[in-house]
Amino acid sequence: MKIATWNINSLSVRLPQVIEWLAAQPVDVLCLQELKLTEDKFPLQALQDAGYPHCAVFGQKTYNGVAICSRHRLEDVQRNIAGFEDEQARVVSATLSTPDGDLRVVNAYFVNGQEPGSEKFSYKLRWLEALRLWLAEEMKNPQPLILLGDFNITADDRDSYDPEGLRETIHHTTEEREAFRDLLALGLLDAFRLFEQPPKSYSWWDYRDLAFRRNRGLRIDHVLVSQSLQAQVRSCVIDKQPRRNERPSDHAPVVVEISPAKRIDPNPKPLTPSPIPGFFG
DNA sequence: ATGACGGTGTGGCACCGA
Numbered sequence: 187m188k189i190a191t192w193n194i195n196s197l198s199v200r201l202p203q204v205i206e207w208l209a210a211q212p213v214d215v216l217c218l219q220e221l222k223l224t225e226d227k228f229p230l231q232a233l234q235d236a237g238y239p240h241c242a243v244f245g246q247k248t249y250n251g252v253a254i255c256s257r258h259r260l261e262d263v264q265r266n267i268a269g270f271e272d273e274q275a276r277v278v279s280a281t282l283s284t285p286d287g288d289l290r291v292v293n294a295y296f297v298n299g300q301e302p303g304s305e306k307f308s309y310k311l312r313w314l315e316a317l318r319l320w321l322a323e324e325m326k327n328p329q330p331l332i333l334l335g336d337f338n339i340t341a342d343d344r345d346s347y348d349p350e351g352l353r354e355t356i357h358h359t360t361e362e363r364e365a366f367r368d369l370l371a372l373g374l375l376d377a378f379r380l381f382e383q384p385p386k387s388y389s390w391w392d393y394r395d396l397a398f399r400r401n402r403g404l405r406i407d408h409v410l411v412s413q414s415l416q417a418q419v420r421s422c423v424i425d426k427q428p429r430r431n432e433r434p435s436d437h438a439p440v441v442v443e444i445s446p447a448k449r450i451d452p453n454p455k456p457l458t459p460s461p462i463p464g465f466f467g
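All residue numbers for the first sequence refer to my numbering, where the first residue is 187 and numbers rise by one.
Laid out in structure tokens, this is it:
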């Protein structure tokens with residue numbers, strides 16, 4: 187089971203790249219952020235034709251917008267954070283129903299925050315706290331959960347091309363990193379850091395100043411899994427390939443692979459006797 | 001220090017992203 191997250195910065199513009207990427211990386215579930223379109227403009231047919239008939243879409247005009255596109259059925263679709271009034275379409279969650287069991291998928295486009303001290307920054311902190319409180323309730327459910335998307339936060343200095351020069355600037359502030367740690371404290375793990383990774387691994391690069399070519403980037407797109415899934419996480423990688431496209435998104439997709447849970451067989455078959463005489467003495 | 005790049009909107013630029 188492969189699940190991906192990708193901020194595509196306008197689905198209208200990036201649809202051909204999304205379809206092309208899915209052909210090369212046929213993940214089971216693709217979580218998209220920054221659709222920048224309303225639901226009536228969502229290219230459902232194209233995704234169905236690509237093998238993703240189950241799409242939970244939460245859009246709005248101009249900004250934001252998120253979607254979960256899946257090969258498997260999606261149930262109990264929820265929009266935004268329960269108990270938090272929000273004009274902006276930033277979260278869509280659904281229960282992924284597979285033969286190997288259910289998984290709650292929470293796809294989020296976190297608030298950017300612009301600049302510490304700004305009105306948008308305080309909105310970011312309120313949004314983060316609301317998310318934490320809501321997920322604390324969600325985590326009481328025994329089913330495994332995955333929280334993924336564009337977090338707009340570097341978890342620590344390894345996630346930034348210039349941690350010293352950018353200290354306490356947006357995506358690097360103590361408040362944001364504390365909010366990230368508070369999410370982990372709910373019982374979630376940063377899937378990317380479960381594995382050895384190439385140094386200077388980033389998921390976003392500014393369009394300007396040849397930032398991608400110079401690898402001046404940030405890792406702000408994250409995959410967090412509930413602890414019960416830890417033993418099943420096989421890999422977590424950033425796919426830089428689509429960032430090399432002609433008119434790319436500024437973000438690269440992140441792909442996590444999760445193996446099915448090993449179940450204890452309640453009726454194990456008795457061991458068959460060896461056909462080789464005398465093998466067992 | 002600033003702007004650079006790219007997307008959207010009903011525009012002649014401003015706003016937003018990160």
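All residues carry an ideal CB built from backbone N, CA and C; glycine is no exception.
{"query": "Every unbroken beta strand (DSSP E) within the region 251-312, with a cutoff of 3 residues, ordered by chain", "result": "252-256, 259-265, 277-284, 287-295"}
{"query": "For Asn-401: DSSP bridge partner residues", "result": "Answer is none; Asn-401 lacks a bridge partner."}
{"query": "Reduced DSSP category for Lys-227 - H, G, I as helix; E, B as strand; rest coil", "result": "helix"}
{"query": "Nearest candidate by alpha-carbon position, reference Ala-341, set Glu-443, Ile-254, Arg-367, Arg-433", "result": "Arg-367"}
{"query": "For Ile-191, three-class secondary structure by DSSP", "result": "For the record, residue 191 in the displayed sequence is Thr; it is not Ile. If DSSP states are grouped into helix, strand and coil, Thr-191 belongs with the strands."}
{"query": "Euclidean distance between Cα positions of Leu-372 and Tyr-309", "result": "22 angstroms"}
{"query": "Whole beta strand (DSSP E) elements within the region 356-408, 3-residue minimum", "result": "374-376"}
{"query": "Presumed contact (8 angstroms Cβ cut-off) between Ala-236 and Ile-205, rounded CB distance", "result": "5 angstroms"}
{"query": "Pick from Glu-225, Arg-312, Leu-230 that is closest to Asp-272, judged by C-alpha positions", "result": "Arg-312"}
{"query": "Same chain, Cβ closer than 7 angstroms to Phe-398, five either side skipped, listed in chain order", "result": "Trp-391, Arg-429"}
{"query": "Cβ contact (3+ pairs, closer than 8 angstroms) linking the region 401-410 and the region 371-385", "result": "yes"}
{"query": "Cross-strand partners of Phe-244 (DSSP beta bridge)", "result": "Val-252"}
{"query": "Meets three-Cβ-pair contact criterion under 8 angstroms: the region 237-257 and the region 215-228", "result": "yes"}
{"query": "Contact under 9 angstroms by Cβ, Ser-150 with Val-263", "result": "Past the edges of the chain, shown from 187 to 467, lies residue 150, and the structure says nothing about it."}
{"query": "Given Pro-446 as reference, the closest of Leu-208, Tyr-393, Pro-239, Pro-285 once Cα atoms are compared", "result": "Pro-285"}
{"query": "Close Cβ partners of Glu-362 (< 7 angstroms) along its chain, the five nearest in sequence each way excluded", "result": "Ile-339"}
{"query": "DSSP state of Leu-331 mapped onto helix, strand, coil", "result": "strand"}
{"query": "Within 9 angstroms, strictly: CB atoms of Ala-290 and Asp-348", "result": "The sequence shown places Arg at residue 290, rather than the Ala named in the question. Not a contact, by the Cβ cut-off of 9 angstroms."}
{"query": "DSSP-derived helix/strand/coil call for Lys-448", "result": "coil"}
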